[in-house]
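Numbering-wise, the sequence shown is residues 686 to 922 according to the working numbering.
The structure appears below as structure tokens.
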Amino acid sequence: MPSKWVPLEASPEVFTEWSQSLGLPESGPLVFQDLFSLDPEFLQFIPQPVKAVLLLFPSRGALAQAREDEEKNGEGKFEGQSVWWIKQTISNACGSIGLLHALLNLPDTGAYALAADSPLRQFKAETLPLPPLERAKKLDEATFFESAHTTAAQAGQSAVPEDLDVDTHFIAFIEAINDKGERRVVELDGGREGPFDRGLCTDLLRDTAKIVQEKYIDRADGDINFNMIVLAGQPED
């Protein structure tokens with residue numbers, strides 16, 4: 686695989702292209718949608734259920750330092766076995782890693798599950814017993830992953846940048862159950878050392894909106910290069 690990929694464009698269309706090619710049912714109950722505001726009045730119009738929130742943010746300056754300090758201080762370690770997480774080892778693959786984190790933590794059965802014979806379901810089954818770095822090695826060997834990323838990157842409306850050294854980063858937020866049986870908001874970032882516990886979860890979308898405002902936007906020193914996309918229920922016609 687190339688050492689540095691073309692980054693994915695932050696758009697529902699690109700995420701849909703990637704996900705449906707690997708196992709998200711085309712006619713299923715979940716779709717990717719832009720999240721244009723963190724205002725509670727706006728959030729109420731996002732169709733439920735919200736299964737994941739993906740965030741693109743500027744990985745530079747004060748915000749990058751604040752996240753690094755969280756890691757150094759040992760904050761946020763998720764205590765539980767219910768989350769599938771992988772270490773990112775491919776440069777600029779954070780968009781695809783974020784999608785993996787969103788999709789491979791969907792329920793294994795029921796209406797919101799991935800297609801049973803899909804590449805993603807098979808990859809999860811193969812890698813579930815493995816530690817994160819071994820999962821990353823398997824991913825590096827998986828032809829489906831690079832193919833899906835390349836196709837989706839080319840499907841974006843933005844021109845492919847000549848300079849592939851980017852300073853933005855994708856992560857995902859999901860709801861997970863910890864060892865105490867508590868519902869938690871868990872931040873999944875292949876650049877961290879593991880799943881990051883952001884606190885109790887009563888409503889994934891509203892809780893994540895508050896986290897993004899306080900832990901990301903407010904720490905970014907006025908940098909506005911943020912984008913959010915949700916994996917949520919089908920909008921009503």
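Glycine residues also receive a C-beta, built at the ideal position from the N, C-alpha and C atoms.
Nothing here was measured: the structure is a model prediction, and the numbers come from that model.
| Asked | Found |
| --- | --- |
| Cβ-Cβ distance between residue 911 and residue 785 below 8 Å | no |
| Nearest-angstrom Cα separation, counted from residue 902 out to residue 870 | 18 Å |
| Coil, strand or helix - residue 776 by DSSP | strand |
| CB of residue 799 within 8 Å of CB of residue 708, strictly | yes |
| Three CB pairs or more closer than 8 Å across the segment 730-741 and the segment 886-897 | yes |
| Nearest neighbour of residue 824, chosen from 766, 837, 805 [CA to CA] | 805 |
| Where residue 825 falls: helix, strand or coil (DSSP) | helix |
| 8 Å contact criterion, which residue 834 and residue 749 should meet: CB distance rounded | That pair is no contact at about 24 Å. |
| Contact check, residue 770 vs residue 885, beta carbons under 8 Å | no |
| N-terminal and C-terminal residue of the alpha helix (DSSP H) that residue 752 is part of | 746-757 |
| Helix, strand or coil at residue 687 [DSSP, three-state] | Note on residue 687: pLDDT 44, under 50, position unreliable in the model; the coordinate value appears next. Residue 687: coil per DSSP, three-state reduction. |
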